[in-house]
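Residue numbers (this note's numbering), protein chains in the order written: chain R, 5 to 234; chain D, 23 to 741.
Here is the structure:
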């Protein structure tokens with residue numbers, strides 16, 4: 005197996021993720037949420053959508069799908085694991101990333117291209133970028149508002165990967181589309197191998213679609229999976 | 023008389039004559055379940071009884087039409103084995119009663135019409151009409167409808183690429199919520215609804231059947247509204263996009279593996295409609311076992327189960343040896359399935375409950391023997407007064423002041439408050455997103471593109487139903503042409519008032535004449551449609567509001583299709599097409615500045631339209647910006663280009679009147695080229711650049727200040 009793109013009932017970005025990865029010369033396979041063996045996977049993508057209808061709470065049911073034990077095992081052993089949008093929500097619910105995602109500040113779905121600034125290159129999503137790079141990526145979510153409780157004494161500060169900003173790179177309340185804590189758009193675990201990102205890099209991979217800025221992010225991910233010995 | 027005192031058939035929305043017709047047909051009094059079936063299947067919504075005699079005027083015999091009107095969706099050939107399926111529907115009354123669920127289930131229903139044909143639904147559009155937003159109830163309706171569309175469309179995973187919106191007082195108590203869907207498939211995936219094969223099994227897939235939506239088609243969609251009709255809220259269905267998403271994937275897998283003989287979605291009239299349609303269309307009969315239906319709650323009567331409009335259900339006809347495979351695929355996608363019927367050689371649809379025969383009717387009679395009314399029609403007297411007067415337009419117009427007022431209109435201002443709530447980028451097909459004249463989608467792995475525009479113009483249609491309706495078609499054609507796509511097929515949603523009013527019926531006959539004529543002029547087939555009558559509340563009919571969904575097709579698609587944001591400093595601004603000829607009837611100027619609606623809109627010449635459209639399609643391969651001049655005239659068209667591109671402009675020698683004139687068949691082109699290679703009339707009127715909207719002697723406005731007004735027109739009203 006190569007990269008596993010996990011499909012829950014209600015997932016809808018699996019084909020887009022697979023298409024974008026293929027465009028970068030990588031190979032990904034769709035894996036149903038009842039599969040419980042991902043051995044051989046060099047990377048895991050939890051794509052966007054509405055896993056289990058987002059019922060109860062976004063990601064709350066998905067986190068108990070049979071496949072998640074395997075996702076957790078691989079993630080904990082350092083296999084590159086990328087959650088996009090709904091996948092980010094699931095990673096938080098599963099406790100693989102800190103924090104949680106709640107309804108957008110304005111209580112409306114947001115579909116528009118946003119600018120994000122690279123905050124750290126120490127992650128499987130940003131290793132091919134430079135700190136301060138500005139990228140145009142489509143945002144598409146209702147529960148995209150990332151909340152992170154104030155750091156408890158002694159807790160490590162979060163590994164922020166991307167922040168929402170304006171076209172000059174400035175962040176702040178005005179440029180924050182959904183109310184996320186500290187304008188966080190993507191966050192990683194301490195090792196940088198588990199990443200959750202709210203905007204959709206797979207939707208910005210071709211000129212004809214309006215932006216190719218998602219390519220460098222997915223290229224970072226693909227190259228991280230290339231070094232995994234499955 | 024309260025509703026409880028009426029005889030059964032009247033309570034179900036059936037007239038005494040129609041009831042007698044059922045008795046004649048069966049040779050006896052109908053059983054309860056049978057009466058329920060006829061009442062829904064013979065309702066206006068299902069049977070098109072008032073409109074059918076007029077629908078024959080639409081042509082659909084062009085060679086690229088694969089499936090014309092009559093199936094769940096129209097299908098056209100895109101070459102190389104690719105087919106597109108398209109369909110438009112309304113959910114007007116349910117959305118008035120319960121805006122969120124009404125609009126949501128409208129989306130669910132149209133998607134099923136598309137994947138019933140074998141196609142994957144790939145995009146949605148939502149043409150909407152509401153009353154003025156200064157009324158809080160209208161704001162509530164707009165907010166609920168948009169959240170319903172977003173909630174269902176986003177979650178089911180089909181992008182919504184736009185639509186359009188109008189606001190007028192006549193829609194206050196009767197909003198219009200139309201929805202169009204587009205699907206894509208390879209030829210071998212096409213499935214039709216006609217059942218065949220005695221002994222084949224009918225498998226009901228998807229949601230459990232509950233008590234929701236009983237009588238939705240007959241009671242909600244086929245009757246006028248009166249005060250106190252909130253009691254109809256239980257007739258509105260409740261949608262579950264998650265169930266629909268699983269159902270889409272399961273059905274597409276069934277088609278891929280060739281496991282279904284025929285399939286029919288369950289919409290209006292639920293099981294009674296689906297079973298009778300699939301059997302009737304195939305000239306077959308069916309035995310249905312009501313006890314086999316998976317239900318949401320115990321104690322439902324056979325009539326309730328037959329009539330329930332519970333959402334997210336499909337009926338597949340399967341050969342006996344494939345039943346196990348079908349059930350296994352349903353199980354894999356985690357949807358319920360039950361074997362509820364067997365195909366017989368007919369002609370009867372027989373329904374059994376607890377071993378008892380509860381209904382036995384000729385399957386085809388539910389659809390084919392429905393009444394047809396050639397309702398009387400009569401030219402309305404209101405027209406004389408309207409045509410005898412003209413909009414008052416001064417010779418000198420204060421352009422800045424006028425444009426400020428127009429840009430602040432919610433139907434002219436930026437509509438991204440609506441479109442940004444819809445996922446419009448899923449599936450990586452969206453080349454031109456909402457906010458342009460037409461949407462453009464690519465077909466991955468090919469050079470083909472599909473453009474769609476939905477258009478309606480109820481005010482002009484009210485002033486002259488024939489011309490108004492025809493102009494919608496030409497406008498829609500131009501909207502797809504500016505993306506480089508040839509107008510290729512059309513679906514229409516005919517929203518009208520009470521057909522028993524001869525004046526409304528006249529509007530319908532005239533408007534359909536206009537639509538048919540315009541389509542004929544452009545050689546565009548009408549591959550499907552929907553009629554929504556009884557849009558009348560407390561005796562007030564809506565403005566006649568035919569809405570069209572135009573599919574354009576291009577192969578190849580332009581490498582860089584025109585976009586409003588490609589306008590740059592120094593580019594020349596050209597006006598292409600007809601010269602302005604004082605067309606202010608039904609214009610934004612008359613509506614917003616004068617507060618009146620009068621006069622007679624101009625007619626369109628078919629040959630002129632054809633020539634312009636063909637030229638525009640050609641230009642779309644070279645010219646960076648092409649923008650149709652429509653609501654608000656040239657002034658608004660230029661302002662939109664400036665707002666989206668961030669570049670100001672200066673035009674000269676265009677009078678104030680000319681700037682707001684809404685003469686049809688005009689397009690703005692913006693390019694660096696010294697001339698435009700086109701045979702149609704063209705005139706250079708200005709240059710892009712600067713931070714002003716400059717109208718020469720007629721005045722100027724600061725770009726960013728004007729943009730703020732435009733951008734806030736809708737949000738400020740919805741805050």
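From the three backbone atoms N, C-alpha and C, an ideal C-beta is built for every residue, glycine too.
Please read all numbers here as calculations on a predicted model, not as lab measurements.
Euclidean distance between Cα positions of residue i and residue j
{"i": "residue 293 of chain D", "j": "residue 501 of chain D", "result": "39 Å"}
{"i": "residue 7 of chain R", "j": "residue 66 of chain R", "result": "19 Å"}
{"i": "residue 716 of chain D", "j": "residue 183 of chain D", "result": "32 Å"}
{"i": "residue 448 of chain D", "j": "residue 199 of chain R", "result": "21 Å"}
{"i": "residue 200 of chain D", "j": "residue 121 of chain D", "result": "12 Å"}
{"i": "residue 489 of chain D", "j": "residue 611 of chain D", "result": "19 Å"}
{"i": "residue 23 of chain D", "j": "residue 98 of chain D", "result": "With a pLDDT of only 47 at residue 23 of chain D, under 50, the local geometry of the prediction cannot be trusted, and the value read off the model is given with reservation. Those two C-alpha atoms are separated by around 50 Å."}
{"i": "residue 581 of chain D", "j": "residue 638 of chain D", "result": "16 Å"}
{"i": "residue 103 of chain D", "j": "residue 122 of chain R", "result": "44 Å"}
{"i": "residue 90 of chain R", "j": "residue 537 of chain D", "result": "44 Å"}
{"i": "residue 742 of chain D", "j": "residue 387 of chain D", "result": "Here chain D covers residues 23 to 741 and nothing more, so residue 742 of chain D does not appear."}
{"i": "residue 654 of chain D", "j": "residue 547 of chain D", "result": "30 Å"}
{"i": "residue 167 of chain R", "j": "residue 151 of chain R", "result": "13 Å"}
{"i": "residue 277 of chain D", "j": "residue 270 of chain D", "result": "11 Å"}
Nearest candidate by alpha-carbon position, reference residue i, set the options
{"i": "residue 512 of chain D", "options": "D:108, D:168 and D:199", "result": "D:108"}
{"i": "residue 53 of chain R", "options": "D:34, D:352, D:206 and D:178", "result": "D:178"}
{"i": "residue 10 of chain R", "options": "R:172, R:215 and R:42", "result": "R:42"}
{"i": "residue 151 of chain D", "options": "D:548, D:195 and D:710", "result": "D:195"}
{"i": "residue 299 of chain D", "options": "D:98, D:215 and D:660", "result": "D:215"}
{"i": "residue 96 of chain D", "options": "D:127, D:503, D:141 and D:58", "result": "D:141"}
{"i": "residue 56 of chain D", "options": "D:77, D:320, D:34 and D:76", "result": "D:34"}
{"i": "residue 147 of chain D", "options": "D:129, D:111 and D:185", "result": "D:185"}
{"i": "residue 170 of chain D", "options": "D:124, D:189 and D:211", "result": "D:124"}
{"i": "residue 204 of chain D", "options": "D:652, D:571, D:661 and D:385", "result": "D:571"}
{"i": "residue 154 of chain D", "options": "D:556, D:198, D:189 and D:272", "result": "D:189"}
{"i": "residue 492 of chain D", "options": "D:543, D:521, D:459 and D:656", "result": "D:543"}
{"i": "residue 404 of chain D", "options": "D:485, D:414 and D:82", "result": "D:485"}
{"i": "residue 499 of chain D", "options": "D:399, D:601, D:425 and D:636", "result": "D:636"}
{"i": "residue 331 of chain D", "options": "D:480, D:134 and D:232", "result": "D:232"}
Cβ distance (whole Å) where residue i is taken to contact residue j below 8 Å
{"i": "residue 21 of chain R", "j": "residue 94 of chain R", "result": "Not quite, the Cβ-Cβ distance comes to about 14 Å (not below 8 Å), so this is no contact."}
{"i": "residue 497 of chain D", "j": "residue 625 of chain D", "result": "Between residue 625 of chain D and residue 497 of chain D the Cβ distance is about 14 Å, and since that is not below 8 Å, they are no contact."}
{"i": "residue 579 of chain D", "j": "residue 694 of chain D", "result": "With 8 Å as the limit, residue 579 of chain D and residue 694 of chain D do not qualify as a contact, their Cβ atoms being about 22 Å apart."}
{"i": "residue 141 of chain R", "j": "residue 51 of chain R", "result": "That belief does not hold up - the Cβ atoms of residue 141 of chain R and residue 51 of chain R are roughly 15 Å apart, past 8 Å."}
Contacts of residue i in chain D (Cβ-Cβ under 8 Å)
{"i": "residue 67 of chain R", "result": "By Cβ distance, chain D contributes nothing, its closest Cβ being about 16 Å from residue 67 of chain R, past 8 Å."}
{"i": "residue 23 of chain R", "result": "450 and 466"}
{"i": "residue 13 of chain R", "result": "264, 267, 268, 355 and 356"}
{"i": "residue 20 of chain R", "result": "448, 449 and 450"}
Chain-ordered chain R contacts of residue i [CB-CB under 7 Å]
{"i": "residue 174 of chain D", "result": "Simply none; closest approach about 11 Å."}
{"i": "residue 464 of chain D", "result": "212"}
Under 8 Å from the C-beta of residue i: neighbouring residues of chain A
{"i": "residue 445 of chain D", "result": "In the displayed structure, chain A is absent; the protein chains listed are R and D."}
Chain R contact residues for residue i, given Cβ-Cβ distances below 9 Å
{"i": "residue 497 of chain D", "result": "Correct list: empty, because the minimum Cβ distance to chain R is about 26 Å."}
{"i": "residue 442 of chain D", "result": "112, 113, 114, 115 and 116"}
Residue range of the alpha helix (DSSP H) that includes residue i
{"i": "residue 138 of chain D", "result": "That residue, residue 138 of chain D, is in no alpha helix (DSSP H); it is neither H nor E in DSSP."}
{"i": "residue 189 of chain D", "result": "No alpha helix (DSSP H) contains residue 189 of chain D, which is instead part of the beta strand (DSSP E) from 182–189."}
{"i": "residue 639 of chain D", "result": "628–641"}
{"i": "residue 308 of chain D", "result": "Residue 308 of chain D -> not in any alpha helix (DSSP H); beta strand (DSSP E) instead, spanning 307–311."}
{"i": "residue 529 of chain D", "result": "524–544"}
{"i": "residue 519 of chain D", "result": "It is not in any alpha helix (DSSP H) - residue 519 of chain D carries neither H nor E in the DSSP assignment."}
{"i": "residue 403 of chain D", "result": "Neither: residue 403 of chain D is in no alpha helix (DSSP H) and is coded neither H nor E."}
{"i": "residue 439 of chain D", "result": "438–441"}
Residue span of the beta strand (DSSP E) that contains residue i, given as start and end
{"i": "residue 34 of chain D", "result": "Where residue 34 of chain D is concerned, there is no enclosing beta strand (DSSP E), given that its DSSP letter is neither H nor E."}
{"i": "residue 576 of chain D", "result": "567–576"}
{"i": "residue 144 of chain R", "result": "138–145"}
Chain R residues whose Cβ lies nearer than 8 Å to that of residue i
{"i": "residue 177 of chain D", "result": "14, 54, 57 and 58"}
{"i": "residue 453 of chain D", "result": "212 and 213"}
Under 7 Å by beta carbon: chain D residues contacting residue i
{"i": "residue 219 of chain R", "result": "Ordered by position in chain D, no residue passes the 7 Å Cβ test against residue 219 of chain R, which lies about 13 Å from the chain."}
{"i": "residue 109 of chain R", "result": "Near residue 109 of chain R there are no residues of chain D at all, since even the closest Cβ is about 14 Å away, more than 7 Å."}
{"i": "residue 207 of chain R", "result": "447 and 450"}
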